[in-house]
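A short worksheet on the structure shown next.
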Amino acid sequence: MSTPENTGPGPDPLTPVLTRRWTAERSWTLESYEELDGYQALRTALAAHPDQLITLVKDSGLRGRGGAGFPTGMKWSFIPQGSSGPGAKPKYLVINADEGEPGTCKDIPTMMADPHSLIEGCIITSYAIRANFCAIYVRGEALHPIRRLRAAVAEAYAKGYLGTDILGSGFDLDIVVHAGAGAYICGEETALLDSLEGRRGQPRLKPPFPATAGLYASPTVVNNVETIASVPAIVAGGSAWFREMGSEKSPGPKIYSVSGHVVRPGQYEAPMGITLRRLLELAGGMKDGIPLKFWTPGGSSTPMFTAEHLDVPLDFEGAAGAGSMLGTTAVQVFNETVSVPWAVMKWTEFYKHESCGKCTPCREGTYWLEQILERMVHGEGTASDIETMLDICDNILGRSFCALGDGATSPITSGIKYFRQEFLDLVAQQPVVARPQQLADMERAERTISTSLSGASA
Amino acid sequence: MTLPEGNPETNSAVAAAPAERQWSAQPHPSPVSPTFDEITRRRAKEIIARYPVARSALLPLLHLVQSVEGFVSQDGIRFCAETLELTTAEVSAVATFYTMYKRTPCGEHLVSVCTNTLCAALGGDAIYERLKAKLGIGHEETVGEPGTTGSLTLEHAECLAACDLAPVIQVNYEYYDNQSVASAEALVDALRRGEKPPPTRGAPLTDLRTVELELAGFTDDPVAAAAAVAGPSAAVETLRGVQLAAERGWVAPAMPAEHPALPPLPEK
Ligand SMILES: Cc1cc2nc3c(=O)[nH]c(=O)nc-3n(C[C@H](O)[C@H](O)[C@H](O)COP(=O)(O)O)c2cc1C
Ligand code: SF4
Ligand code: FES
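Taken in sequence, the protein lines are chains W and F. Numbering-wise, our numbering puts 82 at position 82 of the first sequence, and it's gapless, one number per residue. Numbering-wise, our numbering puts 658 at position 200 of the second sequence, and it's gapless, one number per residue.
This is the structure in structure tokens:
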């Protein structure tokens with residue numbers, strides 16, 4: 001096995017910052033956290049003016065780790081401040097811990113191993129945006145992280161890091177750990193807010209954005225777990241330190257979750273911009289030596305890559321430049337034994353199941369895409385199916401109410417882009433027989449989609 | 459036929475649902491939802507007190523209801539409606555939206571097999587098919603008398619955020635990682651016999667109702683709950699990156715010895 005070495009200047013290949021405490025004895029306890037410098041950044045932060053913290057995070061270049069990569073400091077600065085007008089309303093911090101994007105598995109280990117880093121981040125962020133209530137919305141299936149977070153919140157209250165007059169600063173904060181109930185769409189920030197308000201988790205029309213009308217129609221910051229867990233380190237190290245890792249526009253360390261057909265799947269925290277080639281070396285290479293076929297850079301909603309893309313830098317610009325997105329750095333690796341049409345069908349079943357049904361292109365489109373793919377994989381595809389699917393995707397992308405619809409098209413369009421021949425071969429193997437039922441289905445699909453669009457554009 | 463203007467959500471609660479409105483005035487314990495005892499009612503109040511706005515308590519309340527009945531029954535819906543002064547239609551609309559709220563009585567344990575693409579490719583589909591055939595049940599169906607020892611509800615689940623440990627099963631939302639058809643069969647056999655094999659990550663196995671109570675934020679057994687927090691979490695996979703870095707001596711750039719001065723206040 002070739003050993004990756006740190007060649008040349010720049011940081012080491014792996015830079016544990018968020019993961020550095022994970023191997024500590026009882027790492028989830030306050031005692032362990034404090035032994036490893038925990039809650040020191042909070043003291044520095046509370047001694048500063050909140051706006052200084054916003055500037056610090058802006059300077060650091062930290063970008064959201066929940067998928068979209070929005071600059072975090074800028075998001076915080078959108079919260080209206082002041083004693084009159086919109087600034088006078090209560091402000092809220094909501095942590096998006098709904099981790100459900102297929103392939104993504106970084107927030108759950110973070111909350112299990114090091115819940116206090118998230119809580120310290122929440123306190124600093126709440127102080128910066130002047131929020132006195134913070135909710136951590138954790139997907140309900142993440143039971144053990146919920147336990148650990150609740151225990152950590154209780155410890156933080158007991159130690160005076162939460163509650164009233166935190167460390168004598170005059171700042172008050174309550175944190176609630178809120179369990180979701182199983183719905184991927186609740187990861188979308190406005191659906192999450194509706195869900196947190198006790199409603200069906202369906203996305204809201206934007207604008208207004210959460211920064212002006214979020215939770216309870218008040219100014220709200222929604223940030224991902226990994227984003228906020230990065231904040232204490234930024235306070236402790238400074239923005240220049242943070243920028244020693246990664247690139248100008250995508251600075252800092254990032255947890256890459258490598259899964260699938262590799263020898264050693266796992267969580268690898270590296271400076272942003274690491275390549276799959278490097279990650280594969282670290283993860284011991286492809287399992288059983290079977291070659292790589294396709295992979296996702298950041299979950300199933302990010303268009304797939306192939307072996308051509310081994311050297312694409314996995315940061316926001318690099319992934320986008322190569323026609324995909326960085327997403328959640330959920331690197332799912334598939335070898336040559338996996339059929340692309342099958343994988344695309346499985347992902348499409350997921351989007352169909354999770355479509356919240358609010359808008360027609362996504363609700364109907366995912367339904368028909370699933371029908372076509374299932375039929376194809378089960379031996380009844382036609383050559384025109386490929387164009388039909390591309391057409392449906394075209395009608396979903398950019399025309400859905402939220403990004404779930406866009407994401408649903410990613411596996412299909414990228415799968416066909418790189419593996420069109422495999423779809424054609426699959427169809428060609430299938431018997432040429434009249435399939436009246438299927439033709440009727442297709443016609444209905446086209447009718448529904450065109451009706452939905454004329455409806456949507458009106 | 460003439461339809462009323464607007465819809466029940468936008469119209470005033472009184473006009474929309476006169477029948478439902480009466481429930482909030484019921485004496486406690488309510489004759490409408492007698493299943494829920496005094497402790498549950500007190501817990502419901504505690505949940506509401508956690509939030510700035512009462513309705514935010516609805517999801518936890520539905521978990522609470524599930525902990526009492528093993529599923530969300532019509533009584534459960536009424537209980538939530540009554541507690542939050544909502545209509546039953548409003549509560550039903552929420553309860554049916556989320557997959558974790560079950561509409562039929564569940565087994566002692568809920569067995570969720572991840573069949574999303576990555577787990578499926580590594581064996582999750584085969585595991586689910588085998589368990590279906592073995593137990594003779596399908597998605598969200600139960601083998602055994604619901605609630606009795608050894609009864610199981612089976613479901614296929616979407617990505618459980620443990621892809622580095624694929625294929626993954628959860629029992630009552632505790633993780634059983636790196637499964638195979640054989641290990642999954644052994645797991646359900648043990649559960650059927652009334653045993654509680656320990657999860658790879660999570661607390662010692664209890665049952666679905668206990669876990670739903672935990673999700674709502676309560677415990678009937680504080681000692682067990684405290685121990686539960688310490689249940690294992692760090693799988694080999696989870697720690698691979700940190701351990702490899704330690705072996706090779708790789709570290710993040712050193713932080714300054716003192717926290718650096720914060721940037722000056724921006725000019726207004
Ligand atoms: C369908 C869908 C699911 C999402 N799921 C998550 C999620 O599980 N966790 C998350 O942090 N962001 C998720 N997001 C992104 C959020 O909408 C939002 O951008 C993010 O929480 C903002 O935090 P950040 O700026 O710290 O990344 C999702 C978006 C969509 C459209
Ligand atoms: S795109 Fe899909 S998930 Fe998003 S609002 Fe429309 S139907 Fe709901
Ligand atoms: S695909 Fe099964 S845990 Fe992610």
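Positions of the beta carbon are idealized from the N, C-alpha and C atoms, including for glycine.
Any contact of the region 579-587 of chain F with the region 302-311 of chain W, i.e. 3+ C-beta pairs under 8 Å?
-> no
With respect to 8 Å, is the separation between the Cβ of F/V626 and the closest non-hydrogen atom of ligand 3 below this value?
-> yes
List the endpoints of the continuous alpha helix (DSSP H) containing W/I54.
-> 50-60
Ligand 1 heavy atom lying under 8 Å from the CB of W/A301 | The identity of residue 301 of chain W in the sequence shown is Ser, whereas the question assumes Ala. At least one heavy atom of ligand 1 is nearer than 8 Å to the Cβ of W/S301, so yes.
List, in order along the chain, the chain F residues whose C-beta lies closer than 7 Å to that of W/S259?
-> Correct list: L576, C621, D622, A624.
Tell me whether F/A619 sits in a helix, a strand or coil according to DSSP, three-state version.
-> coil
Consider the C-beta atom of W/N335 and the heavy atoms of ligand 3; say whether any pair is separated by less than 8 Å.
-> no
Could you tell me which chain W residues have their CB closer than 8 Å to the CB of F/T557, listed as they occur along the chain?
-> A181, G182, A183
Can you list the residues of chain F that W/Y268 reaches, using a CB-CB cut of under 8 Å?
-> R698, G699, L702
In terms of residue numbering, what span does the beta strand (DSSP E) encompassing W/T220 cover?
-> Note, W/T220: beta strand (DSSP E), 220-224.
Chain-ordered chain F contacts of W/T15 [CB-CB under 8 Å] = A703, W708, V709, A710, P711
Figure out for me which residue from W/A156, W/T190, W/G321, W/K75 has the closest Cα to the Cα of W/D174.
-> W/A156
For F/T573 and chain W, any beta-carbon pair shorter than 9 Å?
-> For F/T573, the answer is yes, since a Cβ of chain W falls inside 9 Å of its Cβ.
How do the region 23-43 of chain W and the region 197-209 of chain W stand: do at least 3 beta-carbon pairs fall below 8 Å, yes or no?
-> Cβ pair count under 8 Å is below three, so no.
Short CB-CB distance (under 9 Å) between W/I372 and chain F = no
Any non-hydrogen atom of ligand 1 closer than 8 Å to W/D98 Cβ = The answer is yes for W/D98.
Residue environment, F/T738, which counts as buried when at least 16 other CB atoms sit within 10 Å = Because chain F in this structure spans residues 459 to 726, residue 738 of chain F falls outside the shown range and cannot be described.
Three or more C-beta pairs closer than 8 Å, one from the region 87-103 of chain W and one from the region 130-147 of chain W: is that the case here?
-> Contact between the region 87-103 of chain W and the region 130-147 of chain W is present: 3 or more CB-CB pairs across the two stretches fall below 8 Å.
What in chain F is Cβ-close to W/L205, meaning under 9 Å?
-> In chain order: nothing, as chain F lies at least about 16 Å away.
Check each candidate in W/V333, W/L397, W/I386 and name the one with the smallest Cα separation from W/S257.
-> W/V333
Determine whether the Cβ of F/L520 lies closer than 9 Å to any Cβ atom of chain W.
-> Look at F/L520: its C-beta is under 9 Å from a C-beta on chain W.
Among all the DSSP beta bridges, which residues are the ones paired with W/I426?
-> It should be pointed out that residue 426 of chain W corresponds to Leu in this sequence rather than to Ile. Looking at the DSSP output, W/L426 shares a beta bridge with no other residue.
Is there at least one non-hydrogen atom of ligand 1 closer than 8 Å to the beta-carbon of W/G201?
-> no
With distances taken from CA atoms, which of F/T546, F/Y559, F/L593 is nearest F/L522?
-> F/Y559
Can you tell me which of W/A240, W/S230, W/V262 puts its alpha carbon nearest to the alpha carbon of F/P721?
-> W/A240
For W/V338, return the contacting residues in chain F, with the cut-off set at a CB-CB distance below 8 Å.
-> The contacting residues are A579.
What does a CB cutoff of less than 6 Å around F/R667 pick up in its chain, not counting 5 residues either side in sequence?
-> S525, G528
Spatial neighbours of W/G357 within its chain, please: CB distance less than 7 Å, with the 5 preceding and 5 following residues excluded, ordered by chain position.
-> R363
Within 10 angstroms of its Cβ, does F/A640 collect 16 or more other Cβ (buried), or is it exposed?
-> exposed
Residues of its chain near F/R588, where Cβ-Cβ distance is below 6 Å and the 5 sequence neighbours each way are ignored = V639
Which residues in the same chain as W/T275 place their Cβ atom closer than 7 Å to its Cβ, once the five residues preceding and following it in sequence are excluded?
-> L310, D311, V312, P313, L314
Own chain, CB closer than 8 Å to W/M286, minus 5 neighbours either side, in chain order = Within the same chain, Cβ atoms closer than 8 Å to the Cβ of W/M286 are found at H261, V262, V263, L280, L292, V333, N335, the five residues on either side in sequence being excluded.
Does any residue of chain W bring its CB to less than 9 Å from the CB of F/A692?
-> yes
Segment contact, 8 Å Cβ cut-off, at least three pairs: the region 692-700 of chain F with the region 148-167 of chain W | Output reads no: the region 148-167 of chain W does not touch the region 692-700 of chain F.
Is W/G405 near ligand 2, judged by its Cβ being under 8 Å from some heavy atom?
-> Taking non-hydrogen atoms of ligand 2 into account, the C-beta of W/G405 is found less than 8 Å away from one of them.
Give the range of the alpha helix (DSSP H) segment to which F/C538 is assigned.
-> 532-542
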